[in-house]
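Scroll down for the structure; my scribbles are underneath it.
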Ligand code: FEO
């Protein structure tokens, strides 16, 4: 049971999933939380549900505070099943509850659940809703993370219930970021942004702009995943990080990502790394045989140069390289400068598949480089020149 009063009369009633190890290809070794909030006033409001297997625990958490049948309103910020799975059972137990949500979320609820008998109040950005003495304002944030996503601001308490936005897949005994290992919370917020929201940078920028235009005075961000950002300083920190990430502000560093079979591509990768270092460019190596793809993607938020090395297998991309390219392409990092390189035994040309991904993403790149079998001194000289051309 995880219940905590986060502000007078406002309770965190969500659940902790210490066992979650993976979320859609994103490795989550530190688990996840599905946060839900209960606002007790002369009207009672629940914000968001939790993942279906935790329904019983969610109901217990709510029932430890009030009779669940007394819930007047359920605000649905997002219908993905980690936030809506418990709602059908809760609605059965809270028959007078009206669902407050946007039109896209209503449609998503109807597509995923039997919603017979659900009552709705449909809102849109800038709308306000009065629940007793509390006033909720809404900010639709389509594609952060699904078309139905929205955030809810509680005016009197200056809390933004941000759902997926500003979250982290991090499960600890704590509720507030300041009580946990703050560096770890920031690091997990970065992993979360990179692996879940990277491709929606424009939507993130719009959401932050709209929050500013609405004049929201945010003192607390109660995300639906992980730890709550409490106080102006923490709120400013996470908002400015999202601004930086969404605007693609890199630090000029380089990433060299590769896999290898008999060591040839590794030798090329080492030469690429050495050349960046000789040019005083911070560089990191990511060996795909040792690192999970979801630990590499957050590094794209800082890197300006991306170099990807492939050893040819059966006239194809090496499987771990192909997997990484697919994952990376889906997340659409923008504004990178890139080099594709690799080795082959008897059939050249596979490296062009990496080049095609760079072109699809609109990255600037230099000609790809491939060599046969073990790299010779001339090969190392050529790839060094390619890197120098890239950083010119
Ligand atoms: Fe946490 Fe988009 O669900």
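In the numbering used here, the protein residues as written are 347 to 738.
Beta carbons: idealized from backbone N, C-alpha and C, even for Gly.
Cβ-Cβ distance between residue i and residue j below 8 Å
{"i": "residue 536", "j": "residue 647", "result": "yes"}
{"i": "residue 667", "j": "residue 629", "result": "no"}
{"i": "residue 484", "j": "residue 498", "result": "yes"}
{"i": "residue 729", "j": "residue 614", "result": "yes"}
{"i": "residue 370", "j": "residue 426", "result": "no"}
{"i": "residue 446", "j": "residue 464", "result": "no"}
{"i": "residue 349", "j": "residue 407", "result": "yes"}
{"i": "residue 459", "j": "residue 539", "result": "no"}
{"i": "residue 373", "j": "residue 395", "result": "no"}
{"i": "residue 681", "j": "residue 577", "result": "no"}
{"i": "residue 654", "j": "residue 702", "result": "no"}
{"i": "residue 658", "j": "residue 688", "result": "yes"}
beta-carbon residue i near the ligand FEO non-hydrogen atom, thresh 7 Å
{"i": "residue 492", "result": "yes"}
{"i": "residue 523", "result": "no"}
{"i": "residue 570", "result": "yes"}
{"i": "residue 426", "result": "yes"}
{"i": "residue 394", "result": "no"}
{"i": "residue 429", "result": "yes"}
{"i": "residue 563", "result": "no"}
{"i": "residue 633", "result": "no"}
{"i": "residue 363", "result": "no"}
{"i": "residue 387", "result": "no"}
{"i": "residue 510", "result": "yes"}
Start-to-end residues for the beta strand (DSSP E) that takes in residue i
{"i": "residue 458", "result": "No beta strand (DSSP E) holds residue 458; the alpha helix (DSSP H) holding it covers 449–458."}
{"i": "residue 364", "result": "Run containing residue 364: none; DSSP gives neither H nor E here."}
{"i": "residue 500", "result": "496–500"}
{"i": "residue 477", "result": "474–477"}
{"i": "residue 689", "result": "683–690"}
Three-way DSSP call (helix, strand, coil) for residue i in this model
{"i": "residue 579", "result": "helix"}
{"i": "residue 509", "result": "strand"}
{"i": "residue 779", "result": "In the structure displayed, the chain extends from 347 to 738; residue 779 sits before or after that span and is not available."}
{"i": "residue 601", "result": "strand"}
{"i": "residue 504", "result": "coil"}
{"i": "residue 562", "result": "coil"}
{"i": "residue 727", "result": "helix"}
{"i": "residue 610", "result": "helix"}
{"i": "residue 710", "result": "strand"}
{"i": "residue 444", "result": "strand"}
{"i": "residue 417", "result": "coil"}
{"i": "residue 568", "result": "strand"}
{"i": "residue 621", "result": "helix"}
{"i": "residue 769", "result": "Lying before the first or after the last residue shown, residue 769 is absent from the chain, which here runs from 347 to 738."}
Start and end residues, alpha helix (DSSP H) containing residue i
{"i": "residue 484", "result": "Looking at the DSSP string, residue 484 is not in any alpha helix (DSSP H); the run it does join, the beta strand (DSSP E), is 480–486."}
{"i": "residue 630", "result": "It is not in any alpha helix (DSSP H) - residue 630 instead sits in the beta strand (DSSP E) that spans 629–633."}
{"i": "residue 700", "result": "697–706"}
Residue i at chain C interface by Cβ criterion, 8 Å
{"i": "residue 477", "result": "The structure shown contains no chain C; it holds only a single protein chain."}
**Message:** Does the stretch 514–531 come into contact with the stretch 620–638, if we say contact requires no fewer than three beta-carbon pairs (one atom in each stretch) closer than 8 Å?
**Reply:** no
**Asked** Is there contact between the stretch 351–361 and the stretch 370–385, where contact requires at least three CB pairs shorter than 8 Å?
**Response** yes
**Message:** Using 8 Å as the cut-off, can you tell me whether the stretch 535–551 makes contact with the stretch 396–404, which would need three or more C-beta pairs spanning the two stretches below that distance?
**Reply:** no
**Message:** Does the contact criterion of 3 or more C-beta pairs under 8 Å hold for the stretch 506–523 versus the stretch 569–589?
**Reply:** Judged by pairs of C-beta atoms under 8 Å, the stretch 506–523 touches the stretch 569–589, as three or more such pairs exist.
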